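Colleague:
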Amino acid sequence: KPLRQYFWSWIEKKHITKIQSVIVTAPGDGVILNQKFQNLNIVTIYNFPSIKIKPKGRISLREKLNITQDKVIFLYQGLLHKGRGIKQMIQLLPIFKNAHVVIIGKGHYKDELINYGIKLGIIKRIHFYGAVPYLDLLEVSAEANIGFSLIKPISKSYEQALPNKLFEYALAGIPIIASNLPEMEKIINEYGIGCLVTHDDLNGQIESITKILNDKKGKEIQKIAEQHLVWETQENLFLNTLNSNG
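Be aware that the sequence shown starts at 190, since it is given in this note's numbering, and climbs by one per residue.
(1) Below 8 angstroms on the Cβ atoms is my guess for Pro342 versus Leu324; work out the distance and round it to an integer in Å.
(2) Can you look up Ser249 in the DSSP assignment and give me helix, strand or coil?
(3) Evaluate Lys354 with the Cβ neighbour count: other Cβ atoms within 10 Å of its Cβ, from every protein chain shown; 16 or more gives buried, anything less gives exposed.
(4) What is the rounded straight-line gap between the Cα of Phe356 and the Cα of Phe237?
(5) Between which two residues does the beta strand (DSSP E) harbouring Tyr318 extend?
(6) What would DSSP say about Gln266, mapped onto helix, strand or coil?
(7) Can you name the start and end residues of the beta strand (DSSP E) that Gly383 belongs to?
(8) What does the Cβ neighbour count give for Tyr195, buried or exposed, with the cut at 16 atoms within 10 Å?
(9) What is the residue span of the alpha helix (DSSP H) that Phe285 lies within?
(10) Just verifying my parser: in three-state terms, what is the DSSP assignment at Ser338?
(11) By the DSSP assignment, the alpha helix (DSSP H) with Ile366 in it spans what residues?
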């Protein structure tokens, strides 16, 4: 890995000054690049999902997993890696007896999560759905009550993270609990689509879950996403950037 990082760092330094525009998917990335290289033409284009994948009720997650309507679903979707806050979400199950965890995605971390669920005695309430074709993703996730993105700032990349799942949750009408890291904090605060917590603040997470379940703002969040957090709001900027650079 160090050798690979050195190679790509060398390529970056050698060629970045020849580039007319640099596209980033979060403003903070542009700030870091300009501090490092200076005088770059930075364009921020958010990687929002298309309005075309807004769920239409074709797939019932609860039916597939035999989770009744009176149960709460905590959702994580994405790669199963350390530092993504999946264990933090699972450790909430002993507190919220009426809740189930659904994990959509795959990764080498799955076995450790299974063992953790067994250790806590709540493995029967953890459901590993596996990977889903992207066009079906929001159809599958739409019946969840809360979407989680409790990223731990274990690296600069994680600290600056703005995962697509935030926008996917919102377009599916799922309120979000996210780490109070810079880029996620801006989006959550600007659009009011969820709650911010420190990744390991259990009490804060309990309070946020209780608030979200009481507020029931899923439909409102979905409307906000339809207006502001879809690819169609970024498409013209993307095409104009490409055209202006020949």
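We put the beta carbon where it would ideally sit given N, CA and C, even for glycine. Nothing here was measured: the structure is a model prediction, and the numbers come from that model.
Modeller: Looking at the coordinates:
(1) Contact doesn't hold; Cβ gap of about 32 angstroms is too wide.
(2) coil
(3) buried
(4) The alpha-carbon atoms of Phe356 and Phe237 are separated by roughly 6 angstroms.
(5) Ile315 to Gly319
(6) strand
(7) Gly383 to Val386
(8) By the neighbour-count criterion, in which a residue is buried when 16 or more other Cβ atoms sit within 10 angstroms of its Cβ, Tyr195 is exposed.
(9) That residue, Phe285, is in no alpha helix (DSSP H); it is neither H nor E in DSSP.
(10) strand
(11) According to the DSSP assignment, Ile366 belongs to no alpha helix (DSSP H) but to the beta strand (DSSP E) extending over Ile365 to Ser368.
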